[in-house]
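Participant:
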């Protein structure tokens with residue numbers, strides 16, 4: 002009988018990148034802690050036979066600060082099937098494969114991600130700026146960070162179309178995961194629905210442009 006991969010969730014945060022690379026993101030640590038609290042310790046899932054619900058533990062972890070290096074984050078991406086990434090995101094329109102996430106030492110490029118083998122990947126939330134923005138001149142040939150994650154095997158990805166405001170992102174993140182894990186399950190196909198519900202839930206707290214900034218790609 003085929004062995005199922007246990008559910009695992011890693012939250013990666015880098016709010017203090019290498020000096021001179023980007024400005025400090027003051028809300029990253031609190032966002033990572035919020036996500037850690039929202040991820041359930043156990044979830045229900047159907048057995049391989051499809052007729053019984055079983056309660057399984059979720060392997061949960063976070064890396065941030067000095068631990069959130071290029072190597073550390075790439076290893077985390079490769080060894081977890083659910084990922085939340087909070088950091089600076091940079092889109093390179095001239096060389097799309099050089100678009101990257103800013104870490105403590107060196108950036109993680111789109112090419113770095115696409116070269117990784119992530120066979121059990123399911124879901125990624127990219128809480129960074131410009132992670133789902135392609136080339137203005139060729140919008141139908143989209144090469145961006147969210148697409149890179151999907152190409153690497155992540156079935157469902159939340160990305161951003163423009164700059165994310167730290168003052169509002171936690172409201173959206175909290176509402177998203179509350180809906181995503183409703184019912185005690187980890188199902189990446191709920192992402193589009195959970196994002197829709199989250200943006201409606203925070204409409205009195207978050208301005209329209211900071212609700213519209215998030216976009217879902219994949220299943």
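In my numbering, the protein residues as written are 2 to 220.
All C-beta atoms in this analysis are idealised placements derived from N, C-alpha and C, irrespective of residue type, glycine included.
Keep in mind it's a predicted model, so treat the numbers as computed, not measured.
(1) For residue 200, report the span of its alpha helix (DSSP H) as first-last.
(2) For the region 5-40, list the alpha helix (DSSP H) runs that are entirely contained and at least 4 residues long, ordered along the chain.
(3) So, residue 214 versus residue 163, is the Cβ gap smaller than 7 Å?
(4) Quick one: grab the DSSP three-state call for residue 54.
(5) For residue 84, does the three-state DSSP call read helix, strand or coil?
(6) Using the beta-carbon count (16 or more within 10 Å), is residue 11 buried or exposed?
(7) Run the CB neighbour count on residue 89, radius 10 Å, all protein chains shown included, and call it buried at 16 or more, exposed below.
(8) Tell me whether residue 87 is buried or exposed, calling it buried when 16 or more other Cβ atoms sit within 10 Å of its Cβ.
(9) Do residue 44 and residue 186 have their C-beta atoms within less than 7 Å of each other?
(10) First and last residue of the alpha helix (DSSP H) that includes residue 209?
(11) Here's a check: name, in chain order, each residue in its chain whose Cβ is nearer than 6 Å to the Cβ of residue 26, leaving out the five neighbours to either side.
(12) Can you find a C-beta in chain D that's less than 7 Å from the C-beta of residue 151?
(13) Please name the residue in 108, 75, 188, 82 whose C-alpha comes closest to that of residue 154.
(14) By the DSSP assignment, the alpha helix (DSSP H) with residue 73 in it spans what residues?
(15) Quick check: what's the CA-CA separation for residue 220 versus residue 149?
(16) Excluding the 5 residues preceding and the 5 following residue 205 in the sequence, name in chain order all residues of the same chain whose CB lies nearer than 6 Å to its CB.
(17) Have a look at 57, 30, 97, 152 and flag the residue whose alpha-carbon is nearest the alpha-carbon of residue 171.
(18) Do residue 196 and residue 177 have their C-beta atoms within less than 7 Å of each other?
Facilitator: The answer reads as follows:
(1) 192-202
(2) 29-39
(3) Contact annotation: residue 214 and residue 163 have beta-carbon atoms nearer than 7 Å.
(4) Looking at residue 54 - three-state DSSP - the assignment turns out to be strand.
(5) strand
(6) buried
(7) Burial state of residue 89 is buried, judged by a 10 Å Cβ sphere holding 16 or more other Cβ atoms.
(8) Classification of residue 87: buried, given that the 10 Å Cβ count is 16 or more.
(9) yes
(10) 209-213
(11) 16
(12) The structure shown has no chain D; it contains just one protein chain.
(13) 82
(14) 71-79
(15) 15 Å
(16) none
(17) 30
(18) yes
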